[in-house]
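To keep things clear, I will list the structure first and then write my remarks on it.
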Amino acid sequence: MKLGQYVTKRLLQFVFVLLGTSIILFTVSHVIPADPVRAAAGPKATPAELEAIRVKLGFDKPLPVQYVIYVTNLLHGDLGRSVVTLRPVIFDLAERLPATLELSVFSLAITVIFGITLGIYSAKNRNRLGDHAIRFLSLGGISMPSFWLALLFQMVFFLRLGWLPGGGRLSSGMVPPAHLTGLYVLDSLLTGNLATLRDALWHMIGPAVAQSAIGIASVIRMMRAGMLEEMTKDYVTMFRSAGVRERTVVYKYVLKNSLVPVITLIGVMFGSILGGSFIIEQVFQWPGVGSYGTQALLNLDFQPIMSITLVMSFMYSFSNLVVDVVYVYLNPKVSYE
Amino acid sequence: MTTEQAETAEATPRYQELRHSVRLLLSNPVSAAGAAGVLLLLLTAALAPYIAPYDPLAINLQGRFLDPSGEHLFGTDHLGRDVFSRVVWGSRVSLTVGLITLIEASVLGTIVGLVAGYKGGWVDSLVMRITDVFLAFPSIILALAVAAALGRGLTSVMMALGITWWPLYARLIRGQTLSVREEQYIEGARLSGAGGIRIMFKHILPNCMAAIIVQISMDVGFTILAAASMGFLGIGAQHPSPEWGLQCASGAKYLVYQWWISTFPGLAIFLSVISFNLLGDGLRDVLDPRLRRG
Numbered sequence: 049m050k051l052g053q054y055v056t057k058r059l060l061q062f063v064f065v066l067l068g069t070s071i072i073l074f075t076v077s078h079v080i081p082a083d084p085v086r087a088a089a090g091p092k093a094t095p096a097e098l099e100a101i102r103v104k105l106g107f108d109k110p111l112p113v114q115y116v117i118y119v120t121n122l123l124h125g126d127l128g129r130s131v132v133t134l135r136p137v138i139f140d141l142a143e144r145l146p147a148t149l150e151l152s153v154f155s156l157a158i159t160v161i162f163g164i165t166l167g168i169y170s171a172k173n174r175n176r177l178g179d180h181a182i183r184f185l186s187l188g189g190i191s192m193p194s195f196w197l198a199l200l201f202q203m204v205f206f207l208r209l210g211w212l213p214g215g216g217r218l219s220s221g222m223v224p225p226a227h228l229t230g231l232y233v234l235d236s237l238l239t240g241n242l243a244t245l246r247d248a249l250w251h252m253i254g255p256a257v258a259q260s261a262i263g264i265a266s267v268i269r270m271m272r273a274g275m276l277e278e279m280t281k282d283y284v285t286m287f288r289s290a291g292v293r294e295r296t297v298v299y300k301y302v303l304k305n306s307l308v309p310v311i312t313l314i315g316v317m318f319g320s321i322l323g324g325s326f327i328i329e330q331v332f333q334w335p336g337v338g339s340y341g342t343q344a345l346l347n348l349d350f351q352p353i354m355s356i357t358l359v360m361s362f363m364y365s366f367s368n369l370v371v372d373v374v375y376v377y378l379n380p381k382v383s384y385e
Numbered sequence: 106m107t108t109e110q111a112e113t114a115e116a117t118p119r120y121q122e123l124r125h126s127v128r129l130l131l132s133n134p135v136s137a138a139g140a141a142g143v144l145l146l147l148l149t150a151a152l153a154p155y156i157a158p159y160d161p162l163a164i165n166l167q168g169r170f171l172d173p174s175g176e177h178l179f180g181t182d183h184l185g186r187d188v189f190s191r192v193v194w195g196s197r198v199s200l201t202v203g204l205i206t207l208i209e210a211s212v213l214g215t216i217v218g219l220v221a222g223y224k225g226g227w228v229d230s231l232v233m234r235i236t237d238v239f240l241a242f243p244s245i246i247l248a249l250a251v252a253a254a255l256g257r258g259l260t261s262v263m264m265a266l267g268i269t270w271w272p273l274y275a276r277l278i279r280g281q282t283l284s285v286r287e288e289q290y291i292e293g294a295r296l297s298g299a300g301g302i303r304i305m306f307k308h309i310l311p312n313c314m315a316a317i318i319v320q321i322s323m324d325v326g327f328t329i330l331a332a333a334s335m336g337f338l339g340i341g342a343q344h345p346s347p348e349w350g351l352q353c354a355s356g357a358k359y360l361v362y363q364w365w366i367s368t369f370p371g372l373a374i375f376l377s378v379i380s381f382n383l384l385g386d387g388l389r390d391v392l393d394p395r396l397r398r399g
């Protein structure tokens, strides 16, 4: 099978997953709640509002018809209305998505860079002190509740030491850069505003580190195991006995081969960062989709919760699609399954 | 030979094997530390009424925000409740949620996985595509949505986590089933007239038990983490429950001067999860050498 065929097949699968996702979320929002009308309208809805929702979402009609109405609304970008902000959910999401994207990508970059570097170091110094320390820390990383790490971080670096800001995207008094993409780092770079750029980056350190701890730990474990396995292969022995320098063997051959499987982990990491954003954004008052979701959960504001779940699963599936295609492209040996 | 005799004859080598496995597990200091941590957690949960010096729910507004001391080992919180007692009682909540979630997920996942792997064909394809869809939601997000639909509370959390966790077990058991389905003894059982259900549960399932146990032991930590996160977000356990995540959330406002309110419950989560993870890694190495890592 050619790459093109693989991409087509994978795209079809993507569409199927989206369809399945919509069925699951339809079930969650229309079938599971004891009173779906009240759930959708919010706990404080008046009888008139309840009636309006009942008619609009077709709750008096059979389930298949309700599903069609649900999907039609989705395709028109109608994600319902938040009972807290009183605005259409899609506006709230559009406003908050850049903040979440910026932080997630930054966290993902930290995860990949630190995870790979520490994993290599650990594998090269197997069973020495540094390796033990890194393995111990990475075990701690996957066992750490992210909200606790975030709180500890705030306690030490903000409240005690004052090295990092307590939350938000910019210091108070800082004017956000001109809105081009909504990503402050990119916008301030494009407008040449270095003071804002520094401030924006400074605000991302805390939440990004707290968000990437789990991911870094997983990447380290995978990278270390991959490199150690690769080093036992015949070609390594051959190069070594042929007198090729150890550095060349490790960095030119072993590293390249053991990096490929780590790529598949990137998609998973992105998903866990998105999932963790509910907590991290809440603790660091990051005005993104995650903290919007947490507020919605606290107020049982149902339509935003459902929409965020939908948007995040879409982003996650899409990133997995990209990762899979890149993986196959880089590694043609893999059968296109 | 009666069935009873057959069982005794069979039990002896099994018992020896078990003893061997336990010895192997404990010979690794890291796994032994994990096992000790899990044991400590179980004992704490079982003996909570005897260990906790105070009523975890007793409010004492005169004794708010007391520093950790001999009297109050972990200090008191904003309502004057003893943090140590609350952490001790919280172990019951976390263990219950973690275990019930995994029982739900593993039972449902095992049944689905057995059927998919044994039947094959379109049943198998359908089940696998369904699990794909469930796995397309990033980490706890689907669980949060389901819990929101069910309403706040621990029962919702357990239901929600179970619903989102079963596909992992379904895939695991399906894989195991596929690998033993073509074995001769299965063919033998079929020829001697055993029905599908009997073959699945009597002949295939026992071969999956090791994998299920390993997976559960590796997942307990993660379900405890997930439940605590949901408690922290306010969708899980509700006030005044001594649930650890909820305690962390209620102490978050007082980090500046009363650091102990959030720190100790968080530490309890961390230590429980790390113990289960260490034990899980060890069990995997002992019970399933094929999965052993470098």
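Line by line, the protein sequences are chains U and H.
Numbers in this note's numbering are just positions in the first sequence, counted from 1, shifted up by 48.
Numbers in this note's numbering are just positions in the second sequence, counted from 1, shifted up by 105.
Just so you know, even glycine gets a beta-carbon here, dropped at the ideal spot from N, CA and C.
In its chain, beyond the 5 residues on either side, ALA210, LEU213, GLY214 have a beta carbon closer than 6 Å to the beta carbon of TRP271 of chain H. Of all residues in the stretch 370-383 of chain H, only GLY371, ILE374, PHE375, VAL378, ILE379, ASN382 come within less than 7 Å of chain U when Cβ atoms are compared, listed by chain position. In the three-state scheme derived from DSSP, where H, G and I count as helix and E and B as strand, PRO136 of chain U is classed as strand. Secondary structure at ASP187 of chain H: strand, using DSSP grouped into helix, strand and coil. Taking a 10 Å sphere around the C-beta of TRP196 of chain U, we find 16 or more other C-beta atoms and assign the residue as buried. If you draw a 10 Å sphere on the C-beta of VAL79 of chain U, you find fewer than 16 other C-beta atoms in it, and that means exposed. Counting only residues of its own chain and dropping the five nearest sequence neighbours on each side, GLY178 of chain U has a CB closer than 8 Å to the CB of TYR169, SER170. In terms of beta-carbon proximity, LEU130 of chain H stays away from the interface with chain U, with every pair separated by 7 Å or more. Residues of the stretch 181-195 of chain H that bring their beta carbon within less than 8 Å of a beta carbon in chain U are absent altogether. By the CB criterion at 7 Å, GLY185 of chain H and ASN165 of chain H fall inside the cutoff. Between the alpha carbons of MET354 of chain U and LEU228 of chain U lies a gap of roughly 28 Å. For the pair LEU273 of chain H and VAL319 of chain H, the CB atoms are not nearer than the 7 Å cut-off. GLY218 of chain H places its beta carbon less than 7 Å from that of ALA275 of chain H. Contact check for PHE381 of chain H and GLY326 of chain H: beta-carbon distance about 4 Å, within the 8 Å limit, so the pair qualifies.
Contact residues of the stretch 308-327 of chain H toward chain U are GLY326 (C-beta to C-beta distance below 8 Å). Nearest in C-alpha terms to VAL132 of chain U, of all of U:GLN343, U:ALA87, U:ARG246, U:ILE356, is U:GLN343.
The DSSP assignment places complete alpha helix (DSSP H) segments of no fewer than 4 residues inside the stretch 72-108 of chain U at 84-89, 95-104, in order along the chain.
According to the DSSP secondary-structure assignment, ARG129 of chain U is paired through a beta bridge with U:PRO136. Chain U has a Cβ within less than 7 Å of the Cβ of TRP364 of chain H. Nearest C-alpha to MET264 of chain H among H:PHE369, H:LEU147, H:ALA332, H:GLU288: H:ALA332.
The stretch 362-379 of chain H makes no contact with the stretch 216-235 of chain U, as fewer than three CB pairs between them are under 8 Å.
Contacts with chain H (Cβ-Cβ distance below 7 Å) from the stretch 345-364 of chain U involve LEU345, LEU346, LEU348, PHE350, ILE353, MET354, THR357, MET360, SER361, TYR364, listed in chain order. The stretch 293-370 of chain U is shown to contain whole alpha helix (DSSP H) runs of 4 or more residues at 303-331, 337-346, in chain order.
Scanning the stretch 244-278 of chain H from its first residue to its last, the whole alpha helix (DSSP H) runs of 4-plus residues come out as 246-255. Under the criterion of beta carbons closer than 8 Å, VAL160 of chain U and SER365 of chain U do not qualify as touching, at roughly 20 Å. Contacts with chain H at 7 Å (Cβ-Cβ) do not include TRP211 of chain U.
For ASP237 of chain H, the closest Cβ of chain U is nearer than 7 Å. For THR280 of chain U, the secondary structure class from DSSP, reduced to helix, strand or coil, is coil.
Within the stretch 276-311 of chain H, complete beta strand (DSSP E) segments of at least 3 residues are not found at all.
THR181 of chain H sits in a strand when the DSSP states are folded into three classes. Of all alpha-carbon atoms in U:GLU99, U:GLN53, U:GLY163, the one lying nearest the alpha-carbon of LEU307 of chain U is that of U:GLY163. At the C-beta level, ILE117 of chain U and LEU127 of chain U stay beyond 7 Å of one another. The C-beta separation of ILE328 of chain U from ALA258 of chain U comes to about 6 Å, placing the pair in contact by the 8 Å criterion.
In this structure the stretch 305-315 of chain H touches the stretch 278-295 of chain H; the number of beta carbon pairs closer than 8 Å is three or more. Counting the other CB atoms within 10 Å of its CB gives GLN53 of chain U a total below 16, which places it among the exposed residues. Neighbourhood of TRP196 of chain U in chain H, by CB distance below 7 Å: CYS353, GLY371, ILE374, PHE375, in chain order.
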